[in-house]
Every structure is written in C-alpha cells, then in structure tokens.
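Asker: Here it is, the structure in full.
Number of protein chains: 2
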Amino acid sequence: MPHPSAHRNAPAVLRVHRPSTVDLIATELRNAIYSGALAVRSPLREVEIARQLGVSRSPLREAAQRLVQEGLLTAKPGQGMRVAVVGEDRLDDLFEARVAVETHAARMIIDKHDGAAVAKVQSAFDHLLRTAEGNDARAIGDADLDFHFALVDAADNAHLSRYMSTLVVETRLASFSSKRGYVVRKDITQSHHGIMAALQDWDAEAAADAIRDHMVEAVDRLTGVLEERGVHVETVTEEPTPAGAYALGPITQPLTELS
Amino acid sequence: MPHPSAHRNAPAVLRVHRPSTVDLIATELRNAIYSGALAVRSPLREVEIARQLGVSRSPLREAAQRLVQEGLLTAKPGQGMRVAVVGEDRLDDLFEARVAVETHAARMIIDKHDGAAVAKVQSAFDHLLRTAEGNDARAIGDADLDFHFALVDAADNAHLSRYMSTLVVETRLASFSSKRGYVVRKDITQSHHGIMAALQDWDAEAAADAIRDHMVEAVDRLTGVLEERGVHVETVTEEPTPAGAYALGPITQPLTELS
DNA sequence: GGTCGCACTACTGTCGACAATCATACATGC
DNA sequence: GCATGTATGATTGTCGACAGTAGTGCGACC
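This is the structure in structure tokens:
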C-alpha cells in the first residue's frame, strides 16, 4: 500500500539524489561566509577547517574550488584561498548583475501571470515587514536577501536561481567588506513595496524600474554617498562581532533525500 | 627604458596574475567540451585524462569541480563525473537565462550610448556574415556564439561575462545533445541583423525583442518543432565526428602574464 | 638608522596508495 | 527463459606524506 501522500501518477520510485561530501562541504562553506563565520579577506586554513569538518584536505579543497568558481573565494598560487573582498570598486558590477537577474525574473513572473509566484514573493515580503519592525540589523538583512531570492526563485528558472544564490552571498560580502560595518536602512520596506506593488499590478516596466531604484539605493548606502550628500536616512547597525575563531560544524551524512 | 606601449601614468609594476594549474586544467576541460573532444554524457576518466594532461588526479578533480559548479559536468557519488546532457527538457531554462543576460547587456550598452561597444559587436557580426557564406556548420556555430559573447562582453560587466562564458558552452552542449546532430540554420544572419540594427538605433526594447525572437528560433530549431510543423528552413549539418578518443594537450605553464 | 640578506616557520600544491563503491558479466535456481 | 544472486574488474573517494614556496623575524652590513 503506497503512502497516501504519494501521487498516483508519480513514478514508482523517485530518483534519489544523494549529496556528495563535496556538496555538503561547499554548502557549509557558503553558510560560513554568509554568516560571517569566515571573515572577509581571511585565509582558508585548510588543515584547521578540514579538521573542524572532520574530513581530509582533498574534499575540502575540491569544495573550495566550487566557491572559487562562484567568486566567493579568491585563489592565489602559493597563498591558498581567501574569502573574497567585494569592495566599492565592484559594487556597480555586482548590483548591475542583480538588476539583470531580478528584473528578468520579475518579467517572467508577470509574463506568465503567475499568481502562485507572486504569492510566494508576497510571503517573503510579509516576513520582511515583520522583521523590519525590530532592530536586529542582521535579521533584517537576512529577510531582505530572502525576499530577493524568493523573487528570483518564484520565476522557476534553474539558471537564474543558481545565479541568485551566489549573488545573495556576494551581496552579504559587500556589506561585510564595507568600512561602515553591517548597516541596513530603516526605510528598506518602502523600496520593496514598490516591487511588490508592480508585481501585483502585472506591470513589468514598473517592476523593472522599482528593482533598479532599489539597487541604486543599495549601492548608495554601501558607498556612503548619502552621508556625503548630507542626506539622513535612519539606519540600523550591527555591533561588530568579536571575529573570533568560529568553529564550523562537522559534516554529517544525511539520509537519502528525494530529488 | 619602459616599453613604448606602456602608458606613462600606469603604475610602475602591474599586478602579475599567474594562473594556477587548476585554472589551466579547467580551461582545457572547457575547451575540450566546447570542441566536442569530450563527448556529451561521456564519463570523465580521471586517470586517463590526468595522464594526458601530465598532472595528478588531485588538481584534475579540483578543476573538474569548477565545471560541476558551472553545470558543465554532473557528479554522481560513486560514478564520478560525466559531461552534462542538455536535453530538450532543459532548453527553455537555458535560453530563458540567455535572454536575461543578453537583453540586459544590450540595455546596458544602449543606456550608456556606448559606441565602442556597438563597434565590437559589429565586428563580431561582420565575422559571422563572412563565415555564414560558407557551409562549415561548426564554424558558423562558433561565429554565432562568438557574436553573442561579444555582445555581453561589450557591456563590460564581469558578472554577466562570466555567466555568458558558461552559457556559451551550455548552448554548444545543447546542440551536441540534440538527436538531430549539429545543425545550424542558413538564415541565421537575418535573426542577428535585427539585434544589430536595434543596437545601432539605440532602441533597447527593439533589441530585447530581437534577442527574445532569436532565442525562440534557437529552441525551435533544437526541438525540431519546425520540421513537425512542416516549415522548411535551410540548414547546414555537420557530419558526425568519429568520436574517437581525442587526446587532450598537456598543461604547459605559461610565462607570467599581466592581469 | 635604514636596508638588505638569510634562516626559520607554516602552509600550500602535488603525488601515490588504499579502501569502498559501482558496473558488468557470469553462473545458478525457479 | 527469466529473474535472482554472485564474483570480478575497474574506477572513484579519501587519506597521509612530501616537496616547494611564500611569509616572518632576526641579524648583519652599508
């Protein structure tokens, strides 16, 4: 007797997708960079990290090469790998790429008139609204990035989702690389409201404009031109972490998961 | 006495960028996939390829992980890595991503009114025109992909260029994966002419439309819906290669190059 | 006093080897 | 005859070890 939740027309046995050890390590490294456990510009101590993860250097190095390909780690011969620095000189490049990915995702959703997709984005937007009521800068930043990833993911394009998952971490790295520390704007929800409204109106050009405006604001915040111009925007700053030697969790082989 | 070509205001010593062995191997693997030396779905025989490249398995595996991240290789635990198959079920996803990247690149060029960028694209277009006069399917395909990469590269965005360099190989893989073999349309230049004209007119929407149309045509060609509909388009087909065991060239450490 | 040179240390880059796993072919039983 | 089980071969995944290299601190020399 099949499980009740199994669809009748589904294939008898789904293709099981066993993540390889390298997959797990790569995910762990991305999370460590995203959370700041691996600080910007810090060298990747292979022996130490491999010991913390409970693996050898070989699979660790292989996983790290994936992050090098993503641009999250930089490799110099003889000097190993370091967590990439996303300085002010790279902000335009990064956020222009985000505009490309996110505007097209919005266009796809609108072209398809995909109500379910909008609902997913709405859900992420609601979460952002609730989080923005508090003063936890990191939580707000997480909700912000979650919203943008939800937008791209709702477009249901594997390529764009993959790009975005890296862009999210790169954006976080840009914040960490900022001299001003980790800062989020208090009025962050306003800028997102425009995107949300355009989606609900099925207005592709308005959505693209809203996303572009949002990215310009983000670059302005990170470069600090607002302060220079004397424009005052209320912000929330996270107190700098002790930046101590954060330990990474050991790799635990999960049970077989469905793809 | 400095070299005449050195700009006077340039820094005294440029940062030399020494490519690592893994860089070289990764490039070699990408070229092998692009050229078809590594056939679609073929397993990556590590010992054999490492021997051909004159390196050990370790750096080869590290380089291969970069291609796994790009999606050019697929890894299954216990079965190693294989050259990815880009079947018909993934064509929409792939070409939708190309639309996202290429339309935004065109928008960037047009927004900036970048004449030099248009000239670069024009140059690639001219080369495509000359090549399309012949009947070498592979050469036409190369010129086609070169054109699209030149378009994105002219936008001068590192992220988009990186995405596109992978998308180019993925597109080639889609052709190799096609049941119909490697086929290019004889009227391929017409479709590019629309893109080129829109760029020269600084018309962003027309460029986006032309690029979208071009991708639809490409998907139609690869899925063969044109034949099914009885629409006849003149094509050039490449005779299938012997698919023999193509040998990869050994890795030779190049001299120090400027970044 | 500053700069150059040298030795030491720590780490990376690469290799070969071993064990575990998977695919294939063959033999066996129903 | 078909399905099941088994043995074999090849290949992957992982590890430890070694050599080469970059960084660091100290000392000597100009």
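Taken in order, these protein sequences are the chains called A and B. Using the working numbering, the first residue of the first sequence is number 1177, and each one after it goes up by one. Using the working numbering, the first residue of the second sequence is number 1177, and each one after it goes up by one. Where is the CB? At the ideal position from N, CA and C, for every residue including glycine.
1. Does any CB atom of chain A fall closer than 8 angstroms to the CB of Gln1298/B?
2. Less than 8 angstroms between CB atoms is the rule here; does Val1192/A satisfy it with respect to chain B?
3. Would the beta-carbon of Phe1352/A fall within 8 angstroms of that of Val1216/A?
4. How about Thr1279/A and Tyr1358/A: are their beta carbons less than 8 angstroms apart?
5. Going by CA-CA distance only, name the one from Val1231/A, Glu1272/A, Arg1221/A that's closest to Ile1201/A.
6. DSSP on Pro1195/B, reduced to helix/strand/coil?
7. With distances taken between CB atoms, is the gap from Ala1292/B to Leu1327/B smaller than 8 angstroms?
8. What do you get for Glu1381/A, buried or exposed, if any count of 16 or more other CB atoms within 10 angstroms of its CB means buried?
9. Applying a beta-carbon distance threshold of less than 8 angstroms, which residues of chain B neighbour Met1284/A?
10. Closer than 7 angstroms: is that where the CB of Gly1247/B sits relative to any heavy atom of the ligand SAM?
11. Check whether chain B comes within 8 angstroms of Glu1246/A, counting only Cβ atoms and requiring the distance to be less than that.
12. Hey, Ala1319/A and Leu1304/A: beta-carbon distance below 8 angstroms or not?
13. Per DSSP, what are the beta-bridge partners of Leu1249/A in this structure?
14. For Val1170/B, would you say it is in contact with chain A, using Cβ-to-Cβ distances shorter than 8 angstroms as the test?
15. For Arg1251/B, which residues of its own chain have a beta-carbon under 6 angstroms away from its beta-carbon, when the five flanking residues on both sides are left out?
16. Per the DSSP calculation, Arg1356/B is bridged to which residue(s)?
17. For the candidate residues Val1192/A, Ala1394/A, Pro1235/A, whose alpha-carbon lies nearest to that of Thr1203/A?
18. For Glu1414/B, which residues in chain A fall below 8 angstroms Cβ to Cβ?
19. Tell me, please, which residues DSSP counts as bridged to Thr1413/B.
20. Return the CA-CA distance between Val1297/A and Thr1365/B, expressed in angstroms with no decimal places.
21. Are the stretch 1255–1275 of chain B and the stretch 1219–1227 of chain B touching, with three or more C-beta to C-beta distances below 8 angstroms?
22. Check the Cβ of Arg1242/B against every Cβ in chain A and list those closer than 8 angstroms, keeping chain order.
23. Between Leu1205/B and chain A, is the shortest Cβ-Cβ distance under 8 angstroms, so that the two count as touching?
24. Between the C-alpha atoms of Lys1288/A and Ser1299/B, what's the straight-line distance to the nearest angstrom?
25. Can you tell me whether Val1360/B is buried or exposed, with buried defined as 16 or more other CB within 10 angstroms of its CB?
26. Once you ignore the five residues that flank Glu1264/B on each side, which residues in its own chain have a CB closer than 6 angstroms to its CB?
27. Would you mind reading off the limits of the alpha helix (DSSP H) that contains Leu1327/B?
28. Contact check, Arg1348/A vs Tyr1210/A under 8 angstroms by CB: the rounded distance?
29. Can you tell me the Cα-Cα spacing of Ala1313/B and His1369/A, whole angstroms?
30. Cβ of Ala1334/B less than 8 angstroms from any chain A Cβ?
Answerer: Walking through what the data contain:
1. no
2. no
3. Their beta carbons are under 8 angstroms apart, which means Phe1352/A touches Val1216/A by this criterion.
4. no
5. Selection Val1231/A, Glu1272/A, Arg1221/A evaluated against Ile1201/A yields Val1231/A as nearest (Cα-Cα).
6. Reduced to three states, the DSSP call for Pro1195/B is coil.
7. no
8. exposed
9. Listed by position along chain B, the residues whose Cβ is nearer than 8 angstroms to that of Met1284/A are Glu1272.
10. Of ligands this structure carries none, so the ligand SAM is not represented either.
11. Yes, contact with chain B.
12. yes
13. Val1259/A
14. Limits of chain B in this structure are 1177 at one end and 1435 at the other, which puts residue 1170/B out of reach.
15. The amino acid at residue 1251/B is misidentified as Arg; the sequence shows Ala. Val1244, Met1257.
16. Arg1356/B pairs with nothing; no bridge assigned.
17. Pro1235/A
18. Chain A residues near Glu1414/B: none, gap ~26 angstroms exceeds 8 angstroms.
19. Val1359/B
20. 40 angstroms
21. yes
22. Gln1241, Arg1242, Val1244, Gln1245
23. no
24. For Lys1288/A and Ser1299/B, the distance between alpha carbons rounds to 36 angstroms.
25. Buried: at least 16 other Cβ atoms inside 10 Å.
26. Annotation for Glu1264/B: Thr1399 place their beta carbon closer than 6 angstroms to its own, counting only its chain and skipping 5 residues before and after.
27. Start and end: 1313–1330.
28. 5 angstroms
29. 50 angstroms
30. yes
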